[in-house]
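Reading through the structure tokens given below for one structure.
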Amino acid sequence: MSELTATLMESFHIPAEDVQKALQYQQRNGGRLEQILVRMGAFSTELLPAYYARLLQLSLLSDSQYQQLLDDTDWPTRTRQQLSSQQLHALLEKHWLPVYASCLNGDTALTLLSASPAEIDGLERVSLLFGDALPAMLVATEEQCLQLQQRLQDEPSQSNDGDLSLLEEDRLRELASEAPTVNLLNNLIAKGLRRRASDMHIEPWKGKGRVRYRIDGVLQEADSIPMNLLLPVVTRLKLLSKMDIAEKRRPQDGKIEMRVDGRTVDIRVSALPVGEGESVVMRFLLQDALSYDIGTLGIEPDIEQLLLQDLQATSGVILMTGPTGSGKTTSLYSFLSRRNEPGVKIITIEDPVEYQLDGINQVHVQADIGFTFANALRSVVRQDPDIIMVGEIRDKETAGIALQSALTGHLVFSTLHTNDAPSAYTRLLDLGVEPFLLSAAVKVVLAQRLVRQLCSHCSVPDPEAAAKAGLLGLDWLAGQQGITPDYRKAQGCEHCNHTGYRGRVAIIEYLRCDNELRALLGHSNFLMEAARLNRERGFRNLLEDGALKAMRGQTSLEEVIRVAG
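Put into structure tokens, the structure is as follows:
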């Protein structure tokens, strides 16, 4: 390894042990060191342009130059006119993109763009074509090169309709394994993880592939994929996740495990046929990204104190309610971690098991072979557990067994899809659970949502929030909690990707099932009466708990209203 390469590797913070492994591999098999590190997951493809620019003392294509190229409708035609078809083909074959455009260097001279300018055979090809009069060279990202190349090559996209022939399927496999496809997908995944995305969406839209990341619960548009690469990218995802690449008419699910930036990530992949092709959604599951500690959830101190008492119970049901993506599973894992000790046996029943928890037995439901929540729960009860977690109560049978298990000396955690805490009771009654079983088994119901936290670097005071809180009847909270409201709002900076928010915190509605609440179960206006009773006890609903966090400056009142209003 040269001194320059060693210095660059150090400046990009690549661990010495990873560099050593890559060097050993290079000595045995050859190849470029940085590409080996990328394949190992120790070096992000997103950093390659900066690496090549410093290594070869070249300039990077700026964002403004790239945008000017996209806006310039003449440069593709000008470029094709200036070069012979043989020259153009030879350059593109070695991943050099020729550009004739005045926006790059002020004149009409040829400039070459490349995302991998250090490739020896590619440099040799350039030298053969142009001799001593080498054109100017710039380093661009893989996405920039692919977007611009699409405008030079008007390749028809593959059809997504009907079945594939064996020849078409083999061609798709080849395309999915080629360097542009592999690098593009790896780059998109690495970028999503670096931005703390929980999901990445790829979908056909207006003649291209739209890429969006879900960050802090909100989808943000990020990149686009040229239409001629969309099908190869989707095919590669299907191959990696063990899906059938020839099946385009039915939804499919799969799983990928890979290393990105030195971390192992599990990716749940879902493919869904849509009008223009297939929509693919990836959920990123990073084991080291979550801390299963009640103290990190952001629960208000008065509710947290009651919860810690509830978790010490030896029997009963504790229910978490809320829509998909409201953090129910993370909260339940935090509760289980609190009770996870050598003298307590804990078994979970999940569909699927998303995160592995040390010291806890986790069961994966498989409905396609008849191993449902209800069947799994029957078997789990015979395993002599102290605590059982049922991922979700979906039907009468599962609900009945879960509640009966609570009456026979087990502490049971589970989730329901309802809008608030009182609705959990009416939902269970709708499923057919007997009222006497419901009143005897359920101890506590928690409704949860996640609100985005304001960025600590750029939030500013919100002078209008106090008036809004008054109109919503929320200003009494400050007096009850003895605080002076410090309402703030989002602004946006480089630390939060100009969204104004970074991270999320839970807002909670707490409802304890005691004799007073049990007496209301048969009431015709149970939901309103339960809410009134909870208010009389001094507890808050979701909107009020969120408003309390807004008064403390943790989030904005606008965000609270968006989530819980």
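For the sequence shown, UniProt numbering gives the first residue as 1, with consecutive numbering after it. Built from N, CA and C at the ideal position, the CB exists for glycine as well.
Given residue i, which residues of its chain have a CB within under 7 Å of its CB, disregarding the five upstream and five downstream residues?
i           : result
residue 198 : 214, 283, 284
residue 56  : 117, 118
residue 469 : 475, 547, 557
residue 49  : 60, 115, 139, 140, 141
residue 477 : 544, 547, 548, 551
residue 278 : 160, 234, 248, 271, 272
residue 256 : 240, 241, 267, 269
residue 47  : 12
For residue i, collect the residues of the same chain with a Cβ closer than 6 Å to its Cβ; drop the 5 residues on either side in sequence, then sort them by chain order.
i           : result
residue 78  : 100
residue 200 : 192, 213, 282
residue 427 : 416, 418
residue 406 : 315, 316, 317, 412, 441
residue 527 : 422
residue 431 : 396, 399
residue 270 : 253, 281
residue 465 : 487, 557
residue 37  : 22, 43
residue 541 : 509
Taking Cβ positions, are residue i and residue j nearer each other than 8 Å?
i           : j           : result
residue 460 : residue 502 : no
residue 564 : residue 546 : yes
residue 373 : residue 398 : yes
residue 135 : residue 112 : yes
residue 327 : residue 506 : yes
residue 184 : residue 229 : yes
residue 226 : residue 274 : no
residue 303 : residue 66  : no
residue 439 : residue 521 : yes
residue 334 : residue 297 : yes
residue 307 : residue 336 : no
residue 559 : residue 381 : no
residue 211 : residue 231 : no
residue 216 : residue 504 : yes
residue 88  : residue 80  : yes
residue 82  : residue 110 : yes
Can you name the start and end residues of the beta strand (DSSP E) that residue i belongs to?
i           : result
residue 100 : 97-100
residue 223 : 218-226
residue 453 : 442-454
residue 208 : 208-215
residue 283 : 277-285
residue 397 : Counting along the chain, residue 397 falls outside any beta strand (DSSP E), though it belongs to the alpha helix (DSSP H) covering 396-407.
residue 319 : 316-321
Assuming residue i contacts residue j under a Cβ cut-off of 8 Å, what Cβ separation, rounded to an integer in Å, is found between them?
i           : j           : result
residue 44  : residue 261 : 5 Å
residue 360 : residue 385 : Actually they are not in contact, since the Cβ atoms of residue 360 and residue 385 sit about 10 Å apart, beyond 8 Å.
residue 263 : residue 286 : 6 Å
residue 403 : residue 363 : Going by Cβ atoms, the distance from residue 403 to residue 363 rounds to 19 Å, so no, they are not a contact pair.
residue 92  : residue 149 : 7 Å
residue 500 : residue 454 : 7 Å
residue 495 : residue 457 : 5 Å
Do we get a CB-CB distance below 8 Å when we pair residue i with the residues of chain D?
i          : result
residue 15 : Absent from the structure is chain D; it holds one protein chain and no more.
Can you name the start and end residues of the alpha helix (DSSP H) that residue i belongs to?
i           : result
residue 266 : Where residue 266 is concerned, there is no enclosing alpha helix (DSSP H), although the beta strand (DSSP E) it sits in stretches over 263-274.
residue 508 : Note, residue 508: premise wrong, no alpha helix (DSSP H); beta strand (DSSP E) at 501-512.
residue 243 : No alpha helix (DSSP H) holds residue 243; DSSP gives it neither H nor E.
residue 252 : Element bounds for residue 252: not the alpha helix (DSSP H) but the beta strand (DSSP E), 252-260.
residue 338 : 328-339
residue 546 : 542-551
residue 349 : Counting along the chain, residue 349 falls outside any alpha helix (DSSP H), though it belongs to the beta strand (DSSP E) covering 346-350.
residue 180 : 179-194
residue 362 : First-last for residue 362: 361-364, but that is the beta strand (DSSP E), not the alpha helix (DSSP H).
residue 561 : 557-564
residue 19  : 16-29
Skipping 5 residues on each side, what residues in its chain have a beta carbon closer than 8 Å to that of residue i?
i           : result
residue 498 : 492
residue 13  : none
residue 371 : 365
residue 577 : Coverage of the chain is limited to positions 1 through 565, which leaves residue 577 absent and any answer about it impossible.
residue 383 : 345, 347, 361
residue 292 : 330, 333, 334, 336, 337, 357
Residue i: beta carbon under 7 Å from a heavy atom of the ligand SAH?
i           : result
residue 364 : With respect to small molecules bound, the structure shown includes none, and the ligand SAH cannot be examined in it.
### Message
Tell me whether the region 310-321 and the region 232-242 touch, counting them as touching only if at least three CB pairs, one residue from each stretch, are closer than 8 Å.
### Response
no
### Query
Counting pairs of beta carbons, one from the region 409-421 and one from the region 315-330, are three or more of them closer than 8 Å?
Touching, yes.
### the region 470-488 / the region 438-446 touching (three or more Cβ pairs under 8 Å)
no
### Query
Below 8 Å, can you find three or more Cβ-Cβ pairs linking the region 378-390 to the region 343-352?
The region 378-390 makes contact with the region 343-352, as at least three CB pairs between them are under 8 Å.
### the region 241-250 touching the region 28-36, judged by at least three CB pairs closer than 8 Å
no
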